[in-house]
Amino acid sequence: MADAMTNLMTSLARFWEETFSGDCPVIFPGEQREASRWSTWVELAIPFANEQVERSRGLERIGFTVDAHAFAAETTNLNTARRLVDAIRDTLAGANLVVRDVDLSALPAIGWARLAEAEVRDLSRLERNVGGRPLQHFLVSLRGMAQLVEQ
């Protein structure tokens, strides 16, 4: 059976693919894709998680953070990045996710996850200082809580 974080990330990826309306490519953790020709894209990850097992109840709680990095080439319309951020917020803020075991995808849910409101930061200035092509870069962060049946 897959571990809790793998199940959570895979369930988030499936939810994203089913509901995101931003019409741009997304890069998930572990993927390496050539983005130099893309005008917009999103990088989605769970950079922080704190797992707590409640053995007496057979549950596992996970506090986590979802980071969605939104990129738009500065040659595109300046509102493009902001529309992308709005689409990310519309998809993730307040969302309820069903968590399934990736190894047993036909079985019922093993838990749920709920995301809170989004915090948005403009990292474009930092992106320009790094070099490379000029990009608008926004970070959309959301805290979440998952509760899973202990595997």
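Per our numbering: the sequence shown = residues 659 to 809. Note that beta-carbon positions come from the ideal geometry of N, C-alpha and C, so glycine has one too.
- Between the alpha carbons of residue 755 and residue 704 lies a distance of about 14 Å.
- In this structure, DSSP gives residue 693 a state outside helix and strand, which the three-state scheme calls coil.
- When secondary structure is reduced to three states using DSSP, residue 679 falls in the coil class, being assigned neither helix nor strand.
- In this structure, residue 678 keeps its C-beta atom at 8 Å or more from the C-beta atom of residue 728.
- Residue 806 and residue 695 have their alpha carbons spaced roughly 40 Å apart.
- Beta-bridge analysis with DSSP links residue 777 to 799.
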